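According to my numbering, numbering within the sequence shown proceeds without interruption in unit steps and concludes at 205. Glycine included, C-beta positions come from ideal geometry on N, C-alpha and C. Being a predicted model, the structure only gives us computed values, none of them experimental.
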Amino acid sequence: MADEQEFARVLSLDVRKKIYTVIEESPGLHFREIQRRCEIAVGSLQYHLDYLQKHHIIRTQSEGKFVRYYAVRGPSMHHNQNIMAFLRHVSTRKIILFLLQKRRANNETIARHIQLSPSTTSWHLDKLVEANVLMRKREGRMSFFSLVNAEEAKQLVVNYKSSFLDDAVDSFVDVIQEISSAAEEKIAAVEEPVSAEEETPKTE
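Next up, the structure:
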């Protein structure tokens, strides 16, 4: 990791700072999405990404033909990097959001919800299980799927809500926050101290 002086020097260029900010605020983006959000030419973006990586400001994760980018100084992704990578895919993000709400479901139910064929859904589910993002439990002839760590997945969705540019994510987080606010208000109401006037019994 670069020291403070080196970190400031590398990011002194506005275009480089812009690229870094996008990666920091939206961990796990691949090259084309960074280019779209930064509106920078392919050659220029590749040069600056290589420069940032060379100076240990960002790091990468290879995923098939994609390379995903993360800020070295960003929140640790070592334990949930796989979850974030799948949250960056539209189809697997839909599966994760659905299972955050339903907890467990079979292939048919998931396929119907995300509006993909059972075979395509099965392919995505197999990838999620292989990456240890989902667990599969067989019950008779049917398999049910659930998240290995639902709390981590939920926190990633909530913490990086704005980075997904997805109405479904916005709606999910809004519901979570409404439930949380209602619970906090309920707890506050229960714990609210009784005033001295209310505690003093009235005499006739």
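Would you decide whether residue i is buried or exposed? Buried here means 16 or more other CB atoms lie within 10 Å of its CB.
i: S27; result: buried
i: L14; result: exposed
i: G29; result: buried
i: K95; result: buried
i: R89; result: buried
i: S182; result: exposed
i: L166; result: exposed
i: A9; result: exposed
i: R208; result: Because the chain spans 2 through 205 in this model, residue 208 falls outside it and cannot be assessed.
i: S63; result: exposed
i: I180; result: exposed
Excluding the 5 residues preceding and the 5 following residue i in the sequence, name in chain order all residues of the same chain whose CB lies nearer than 8 Å to its CB.
i: L117; result: S92, H125
i: N83; result: A132, N133, V134
i: K162; result: V170, D171, V174
i: K1; result: The structure shown does not extend to residue 1, since the chain is modelled only from 2 through 205, so no value can be given for it.
i: T1; result: Coverage of the chain is limited to positions 2 through 205, which leaves residue 1 absent and any answer about it impossible.
i: V149; result: N133, V134, L135, M136
Tell me which same chain residues have a C-beta within less than 7 Å of the C-beta of residue i, skipping the five on either side of it?
i: C39; result: K19, I20, V23, L46
i: P119; result: N108, E109, A112
i: F67; result: H31
i: N81; result: E153, L157
i: M85; result: P28, G29, M78, L157
Between residue i and residue j, what straight-line distance do the alpha-carbon atoms span, to the nearest angstrom?
i: M143; j: M136; result: 14 Å
i: H114; j: V170; result: 15 Å
i: E153; j: V159; result: 10 Å
i: V130; j: V191; result: 42 Å
i: Y48; j: I41; result: 11 Å
i: F145; j: F87; result: 19 Å
i: G44; j: E34; result: 15 Å
i: S164; j: G141; result: 40 Å
i: K138; j: D51; result: 43 Å
Quick test of your reading: residue i and residue j, contact by CB under 8 Å. State the CB separation rounded to the nearest angstrom.
i: A3; j: V16; result: With 8 Å as the limit, A3 and V16 do not qualify as a contact, their Cβ atoms being about 18 Å apart.
i: E7; j: H56; result: 7 Å
By Cβ distance below 6 Å, which residues in the same chain neighbour residue i in space, the five residues on each side in sequence not counted?
i: S123; result: N108
i: L53; result: I59
i: E25; result: A72, G75
Would you say the stretch 91–106 touches the stretch 54–73, given that touching needs at least three Cβ pairs under 8 Å?
-> no
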